[in-house]
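> Below is a structure I'd like to ask you about.
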Amino acid sequence: MVEVKLHDVGEGMTEGEITQYLVNVGDHVKIDQPLVEVQTDKVSAELPSPVAGTVKEILAEVGEVVTVGTTVIVLEKEGAAVTPHESKASQEKEEPVSFTIKINKGRAERQSERVLATPYTRRIALENKVDIEQVSGTGPAGRVTDEDVFRFMKEGPSKTVEETSHEEAQQTTEPVSEKKEEAAPVRAGKTIPYRGRRKQIGKKMTHSLMTIPHVTHFDEVDVTNVMKLREELKAEGIKPVSVASFFIKALVFALKEYPVFNAVLDEEKEEIVLKEEYNIGLAADTDEGLIVPVVQGADRLSITGINDEMKRVMKLAKENKLSKKDLSGGTFTVSNVGPLGSTGATPIINHPEVALVAFHKTKKMPVVIDDEIVIRQMMNMSMSFDHRVADGATAVAFTSRFAEFIENPTKMMLEMM
């Protein structure tokens, strides 16, 4: 028999969620044939068959989160079939344990030894100094979920059964002052499975909001000059580049002046670690959900180079073909929601980064300049930042510096010389 185990399909991953099986028990499979699809917090990956053979057992359920090294499928290697005599002897040695019994038995044993929780959930508890042994699990087989930990942080320990029973008894002895009306039932429609990338996004967003004190401030930027420069370059036959490419370059220059936003907070060591790389994540909306490919080394790229790299990773994101490198190492994230028509938002920081900027819709509007009303192309931007790491004044200075580069492209060009 050959055991197919979950292995590290992403940078430093420790677990993955089984999203779907591509084979059934009894199926004959070839070498490298995809067997199962796994979703991590960054990628969706398929585990291929290491051998040709027959699927004998499927050992994890769809929707279950399994750790690296866990056996997911058992295969009988092709050519390993035994003779009737050998098969009978083997059956006498092996106990006929079904898949379901095996899973439940394992869970029951583990539950008696320690609290059930994924490594990710345990990390959340550890980072927030929560004793996970005190948390009541609401997941399958009593598993402690991320939400259970966050609920514990907010509400404290759950009441014991005795306490609850006592309170209920007291409530039943109190006189009923008025008859409560029952809420009208709401008819449910179709259901949408909450798993895969959608679930991973939910976990990541919840973790970020529950662990980082977010503050969002808004600003507006006059993009008239940079739009004009872009058109002038295009008219001269220079390869067209997106306005977002100018934004990324301006952000890098601003980050160099305010490095606290290109950093991570190491709570354990009580350090703010300033990053020397400027890897800009791009929040991408795909059919599978939000994903953040990274433009690596944006400080070393020209505006044209940034444009080319943005196009490359966004194309791969749409095709769900991003590599591990394309998704790793981000130091600051940008969400360009202007093309979708957005005018404002409070974006959630891409943990463990400390800030995120969202660009919104650009529109022509009257602006007073030198006591005259002129028409300019104005864009709203919003910036969320970790208030443990920086204050509002620093964030305003940062976005003001960014706006200065965009409103005066010549200054940005001087930074590139």
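Numbering follows UniProt numbering, with no gaps: position 308 of the sequence shown is 308. Think of the CB as a built atom: it goes at the ideal place given N, C-alpha and C, for glycine as much as any other residue.
By the three-class DSSP mapping on this structure, what secondary structure does Gly26 have?
Three-state DSSP puts Gly26 in coil, outside helix and strand.
> Which value, in whole angstroms, describes the spacing of the CA atoms of Asn262 and Asp391?
Straight-line Cα distance between these residues: approximately 14 Å.
> According to DSSP, is Leu116 part of a helix, a strand, or is it coil?
Residue state, collapsed to three classes: coil.
> Would you list, in sequence order, the uninterrupted beta strand (DSSP E) runs of no fewer than 3 residues that lie entirely inside the stretch 186-253?
With a minimum length of 3 residues, the continuous beta strand (DSSP E) runs that stay inside the stretch 186-253 are 214-222.
> Looking at the unbroken beta strand (DSSP E) that takes in Pro339, where does it start and where does it end?
Premise fails: Pro339 is in no beta strand (DSSP E) and is neither H nor E.
> Tell me the DSSP secondary structure of Glu92 in three-state form.
Low per-residue confidence applies at Glu92: pLDDT is 43, beneath 50, and the placement is therefore not dependable enough to give any value.
> Taking a contact to mean a Cβ-Cβ separation below 8 Å, would you say Ile247 touches Ile406 in this structure?
Residue identity differs from the one stated: residue 247 is Phe in this sequence, not Ile. Yes, Cβ-Cβ distance for Phe247 and Ile406 is below 8 Å.
> Between which two residues does the beta strand (DSSP E) holding Met412 run?
Not the beta strand (DSSP E): Met412 falls in the alpha helix (DSSP H), residues Pro409 to Glu415.
> Going by DSSP in three states, Gln296 sits in which element: helix, strand or coil?
Gln296: coil per DSSP, three-state reduction.
> If His360 and Met379 are in contact, beta carbons under 8 Å, what's the gap, nearest whole angstrom?
Yes, His360 and Met379 are in contact; Cβ-Cβ is about 6 Å, under 8 Å.
> Here's a check: name, in chain order, each residue in its chain whose Cβ is nearer than 6 Å to the Cβ of Thr71, leaving out the five neighbours to either side.
Cβ within range, chain order: Glu3, Lys5 and Leu59.
> Restricting to Cα atoms, I'd like to know which of Gly79, Gly329, Asp266 and Ala45 is closest to Glu127.
Per the Cα distances, Asp266.
> Compare the C-alpha of Asp32 against each of Pro48, Lys315 and Arg151 and name the closest.
Nearest C-alpha to Asp32: Pro48.
> Thr211: buried (16+ other C-beta within 10 angstroms of its C-beta) or exposed?
Looking at its Cβ environment, which holds 16 or more other Cβ atoms inside 10 Å, Thr211 is buried.
> So what's Val313 in DSSP terms, helix, strand or just coil?
In this structure, Val313 counts as helix in the three-state DSSP scheme.
> Near Asp146, what residues of its chain come up, given a Cβ to Cβ distance below 8 Å and the 5 sequence neighbours on each side ignored?
Around Asp146: Tyr120, Thr121, Ile124, Lys203, Thr206 and His207.
> Please state if the CB of Ile348 and the CB of Leu251 are separated by a distance shorter than 8 Å.
No, Cβ-Cβ distance for Leu251 and Ile348 is not below 8 Å.
> Please name the residue or residues paired with Phe359 in a DSSP beta bridge.
Bridge partners of Phe359: Asn336 and Met381.
> Near Val144, what residues of its chain come up, given a Cβ to Cβ distance below 7 Å and the 5 sequence neighbours on each side ignored?
Only Val115, Leu116, Ala117, Thr121, Ile132, Val135 and Gly137 meet the Cβ criterion.
> State whether the stretch 336-347 contacts the stretch 319-326, with contact taken as three or more CB pairs (one from each stretch) at a distance under 8 Å.
Not touching, per the Cβ criterion.
> Compare the beta carbon distance of Ala284 and Val292 with 8 Å and say whether it is the shorter of the two.
Yes, these two residues count as a Cβ contact at 8 Å.
> I need the boundaries of the alpha helix (DSSP H) containing Asp148, first residue and last residue.
Run containing Asp148: Asp146 to Glu155, per the alpha helix (DSSP H) assignment.
> Asn24: buried (16+ other C-beta within 10 angstroms of its C-beta) or exposed?
Classification for Asn24: exposed.
> Based on the DSSP secondary-structure assignment, which residues constitute the bridge partners of Gln134?
The partner list for Gln134 (beta bridge, DSSP) is empty, contrary to what the question assumes.
> Could you name the residues of the same chain whose beta carbon sits closer than 6 Å to that of Asp27, not counting the 5 residues immediately before and after it, in chain order?
Excluding residues within five positions, the ones whose Cβ falls inside 6 Å are Val55.
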